[in-house]
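S.K.:
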Amino acid sequence: MVDQEQTTEWRQLREFADVDLTRSFVLSWHVESGSLIIEIDLLLMPAHTFYETPRPAEKACIRPAYIEFPACESVVPEGGTNGEPAAIAAHLGHGAISGFRRCADARYEISGEFGTVFVDAERPLLKLRTP
């Protein structure tokens, strides 16, 4: 159970300024050098530094990006058990993100079409992929 008083929604985390995670899509999960990497198609808001006006056939400014959780200690799907983070990440699904929050210091909850996943790691980094 998550203590509601200690949670911080993603919109309040500086790493996610000027993006909309709830209109973004998880493509894959993997562990690289001890960091959890979540590949995403990220929706940029007009105030974002790298926002570009969508082309006529597009409805939003979507850019390839990834969320990196350095020093990842655990990745646990809801109802699952602890195990090797790389093995667990390899079996997580893809889909639209519906929620992201910090539950406590170094614990994060990510939910969406792929289910709910708990991550114990350092503060996440959001990085755009270069073309």
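Under our numbering, the first residue of the sequence shown is numbered 17, with each subsequent residue one higher.
For each residue, glycine too, the CB sits at the ideal point set by N, CA and C.
These numbers were taken from a predicted model, which means no experiment stands behind them.
Take Glu-129 as the anchor and find which of Thr-24, Pro-86, His-110 has the nearest alpha-carbon.
M.R.: For this step, residue 129 is matched to residue 113 along the sequence shown. Glu-129 has its Cα closest to that of His-110, out of Thr-24, Pro-86, His-110.
S.K.: Among residues of its own chain, excluding the 5 on either side of Ala-63, which ones have a beta-carbon nearer than 6 Å to its beta-carbon?
M.R.: Here residue 63 is taken as the residue at index 47 of the sequence shown, counted from 1. Counting only Cβ-Cβ distances below 6 Å, and skipping sequence neighbours, we find Asp-34.
S.K.: Have a look at the DSSP bridge pairing and note the partners of Phe-134.
M.R.: Start at 1 with the first residue of the sequence shown, and residue 134 comes out as number 118. Per DSSP, the beta bridge partners of Phe-134 are Val-92, Glu-125.
S.K.: Between the alpha carbons of Asp-121 and Pro-72, how many angstroms are there, rounded?
M.R.: Within the sequence shown, residue 121 is the residue found at index 105, counting from 1. Within the sequence shown, residue 72 is the residue found at index 56, counting from 1. Rounded to the nearest angstrom, the two C-alpha atoms are 43 Å apart.
S.K.: How is Phe-85 classed by DSSP in three states: helix, strand or coil?
M.R.: Start at 1 with the first residue of the sequence shown, and residue 85 comes out as number 69. Strand.
S.K.: List the residues that DSSP assigns as beta-bridge partners of Ala-120.
M.R.: Walking along the sequence shown from the start, residue 120 turns up at place 104. According to DSSP, Ala-120 bridges with Arg-123.
S.K.: So Phe-41 and Ile-56 are supposed to be a Cβ contact under 8 Å. How far apart are they, rounded?
M.R.: The residue you call residue 41 lines up with position 25 of the sequence shown. The residue you call residue 56 lines up with position 40 of the sequence shown. The Cβ separation is near 6 Å, so the contact holds.
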